[in-house]
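For the sequence shown, numbering that gives the first Met the number 0 gives the first residue as 0, with consecutive numbering after it.
Cβ coordinates follow ideal geometry from the N, Cα and C atoms, glycine included.
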Amino acid sequence: MHVHFLDPYHHSHSPVHQLDGRVKFVLAVAFILTCSLTPVSAWAVYILLFALILSIEILSTLGAGYVLKRALLATPFVLAALPVIFTVEGIKLFSLPLGSWTLTASVEGLERFISIALKSWLSVQAAILLAAATPFPELLQAMRAVGIPRLLVAMFGLTWRYIFVLVDEALRLMRARAARSGVNPDLRPSTSLRTKREGGGIIWRAQVAGGMAGSLFLRGFERSDRIYTAMLSRGYDGEVRVMPLPALSGVSKLVLFAGLLLLGILLLFGILFWG
0 MHVHFLDPYH HSHSPVHQLD GRVKFVLAVA FILTCSLTPV SAWAVYILLF ALILSIEILS
60 TLGAGYVLKR ALLATPFVLA ALPVIFTVEG IKLFSLPLGS WTLTASVEGL ERFISIALKS
120 WLSVQAAILL AAATPFPELL QAMRAVGIPR LLVAMFGLTW RYIFVLVDEA LRLMRARAAR
180 SGVNPDLRPS TSLRTKREGG GIIWRAQVAG GMAGSLFLRG FERSDRIYTA MLSRGYDGEV
240 RVMPLPALSG VSKLVLFAGL LLLGILLLFG ILFWG
């Protein structure tokens, strides 16, 4: 059982895919930290960070469009920082009267909002690229290698695998409903007849969705019990045992050192000139 449309990994033979997972994980975390610690007005550093992540996206053969479009998913969360424009004091940009209230936007607030948006956008790109170029088991091994608690890594792994179990159960319920409804997508009857065939209005659909959600919860609960029993019968004692990882190759060490050095230089450059 595997639901491919949920798996972000895209198989390829690019240099990024072939790089050791531990190196990719450390560099991705370092890139995100660099973005987070870069000063607000260091626009040159943001441009260089974008050029760096864009070149890696092209090198990975995923294509810049693949990562850039998915990185836009962070846009709704960035809007939560919109009040920063009106709460940071500085040079007045414009005023927005709201009855007895007046919101005053500042240049410094706008700069901070843009920097937050850029940091979020670049960080999400790094996370998407890491997930798309690294198999999930390799990511778990990388987490163990860098010292993340084994219990936390095991929780990540079990949660990820159980998502596929729940989706599989949901797809079974949807197929069963479609098989019992008798709807033929090739036939296009009148609106009233189509409404009756497809199950009525919103209330009926809400009832069906509620029933499916309850059934999915019960099936998932029973399935989790069977899975845990099967794990215990195979010797599971709270720790997932894996084969020891090989030592990093010379190329991997060189890439790791060069990447950390480059990110450190960019961060230092931003702090010295804009910090």
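- Secondary structure in the stretch 72-160: the alpha helix (DSSP H) runs of 4 residues or longer, each lying completely within the stretch, are 74-77, 83-86, 106-132, 135-144 in chain order.
- In terms of Cβ geometry, Ala126 and Ala41 do not form a close pair [threshold 8 Å].
- The shortest C-alpha to C-alpha distance from Thr33 to any of Trp273, Ser114, Ile162, Leu266 is the one to Leu266.
- With a cut-off of 8 Å on Cβ pairs, the stretch 7-19 is in contact with the stretch 47-64, counting three or more such pairs.
- Under the three-state reduction of DSSP, Tyr235 is assigned to coil, being neither helix nor strand.
- Counting only the Cα atoms, Ser122 lies some 15 Å from Pro75.
- Under the criterion of beta carbons closer than 8 Å, Ile115 and Ala80 qualify as touching, at roughly 5 Å.
- Around the C-beta of Tyr227, fewer than 16 other C-beta atoms lie within 10 Å, and the residue is accordingly described as exposed.
- Spanning the alpha carbons of Pro134 and Gln140 requires a straight line of approximately 10 Å.
- A direct Cα-Cα distance of roughly 22 Å separates Ala175 from Arg225.
- In terms of Cβ geometry, Glu238 and Arg149 form a close pair [threshold 8 Å].
- Put simply, the backbone Cα of Pro245 is about 28 Å away from that of Gln124.
- Annotation for Val66: the continuous alpha helix (DSSP H) segment containing it runs 63-70.
- At the C-beta level, Phe24 and Met142 come within 8 Å of one another.
- In this structure, the alpha-carbon of Val44 lies about 25 Å from that of Phe85.
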